[in-house]
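Single-structure report; data block below.
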């Protein structure tokens, strides 16, 4: 009995350790740093730390890309950056409006950063839906967002904007609609490094179920990103990637879209299509498939109906 109890205790410790988090600042290239979120949905155990955030140290100060899910997480991230090099935060760039990328933004705003995001993020902020989404997220995920303060961007992106900050030449490029209707990517031109938000993944299933997503356009966006020929790609999730990640994302999205369209044209209903894909998909064993794939199929199924009237 004691041996069984010890075994259960060890298993419990292992389970807790896989769902909790530890934030570590990693240098991945010259003056560029990241923290790596866990591959999971937000929970009280992981505190919502389920995405990446980045810091680029320039001669003028830090550029931060994405702010994590909560003020608590973003303060921890900021402390790590300042421990690495005490310098002002010049800019916070938000790749899109999902909570794991936006909800920690108030920390950097209060630290004096100029916040940059797509124009549609500010449009969402001004709508009743923003507050409602925050309230629902709190209810669903155990009040982990209770201290979140939603903020607007100081600079709205509607077309490509080029910045020179210290030694870095940066292009901020809108790509919407794709993962959302407010996606932007950041391309460090003189280093050939792409920060792709949630547009690019490797061996992990993307989420295409946002109300404003468009897989049809996302496929075109991926071809455009490929033309940038980045040597390193950093996403909202994943470890650092190369161009194979663009191919992986493209192939998953095109397979799913093409399969849904084929079966829909054959008269199959949504449930039949989900069942078929979940049985036969070559992607069913990849990270987050069980969480996202049904939502992706549902969104594509409905978007195909809209396309018939366009």
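Residue numbers (our numbering): 187 to 496.
Each residue gets a CB set at the ideal place from its N, CA and C atoms; glycine is no exception.
Straight-line measurement puts the Cα of residue 351 at about 8 Å from the Cα of residue 245.
Beta-carbon to beta-carbon, residue 389 and residue 417 are separated by about 19 Å, too far to satisfy the 8 Å threshold. For a cut-off of 8 Å, the C-beta gap from residue 238 to residue 422 is around 6 Å, short enough to register as a contact. In this structure, DSSP gives residue 214 an extended state, which the three-state scheme calls strand. Of 339, 342, 338 and 359, the smallest CA-CA separation from residue 348 is found for 359. DSSP places residue 381 in the uninterrupted beta strand (DSSP E) bounded by 379 to 383.
For the pair residue 209 and residue 258, the CB atoms are not nearer than the 8 Å cut-off. A straight line joining the alpha-carbon of residue 312 with that of residue 465 spans about 42 Å. Buried is the label assigned to residue 247, since at least 16 other Cβ atoms lie within 10 Å of its Cβ. In this structure, DSSP gives residue 393 a state outside helix and strand, which the three-state scheme calls coil.
Judged by beta-carbon spacing, residue 285 lies within the 8 Å limit of residue 323, meaning their Cβ atoms are closer than that value. Given a length threshold of 4 residues, each whole run of the alpha helix (DSSP H) inside the segment 289 to 337 is given here in chain order: 291 to 296, 305 to 311 and 314 to 326.
In terms of Cβ geometry, residue 283 and residue 255 do not form a close pair [threshold 8 Å].
The beta carbons of residue 401 and residue 489 sit closer together than 8 Å. Residue 411 and residue 321 have their C-alpha atoms roughly 35 Å apart.
The Cβ-Cβ distance between residue 306 and residue 338 does not fall below 8 Å.
DSSP, read as helix, strand or coil, puts residue 369 in coil.
Shown here, residue 407 sits in a helix according to DSSP, grouped into three states. When DSSP assignments are scanned along the segment 264 to 291, the uninterrupted stretches of beta strand (DSSP E) that are 3 or more residues long and fall wholly within it turn out to be 275 to 279. Pairing residue 382 with residue 211, the inter-Cα distance amounts to about 19 Å.
Membership of residue 243 in the beta strand (DSSP E) is indicated by the continuous run 239 to 243. Taking 8 Å as the cut-off, the beta carbon of residue 370 is found closer than this to the beta carbon of residue 281. Judged by pairs of C-beta atoms under 8 Å, the segment 437 to 449 touches the segment 464 to 483, as three or more such pairs exist.
DSSP, read as helix, strand or coil, puts residue 400 in coil. The beta carbon of residue 241 sits closer than 6 Å to those of 219, 248, 250 and 267, all from its chain and outside the five residues before and after it, given in chain order. The three-state reading of DSSP puts residue 374 in strand, counting E and B together. The beta-carbon separation of residue 232 and residue 226, rounded to 6 Å, stays under the 8 Å limit for a contact. Going by DSSP, residue 436 is part of the alpha helix (DSSP H) stretching over 430 to 451.
DSSP places residue 355 inside the beta strand (DSSP E), whose first and last residues are 354 to 360.
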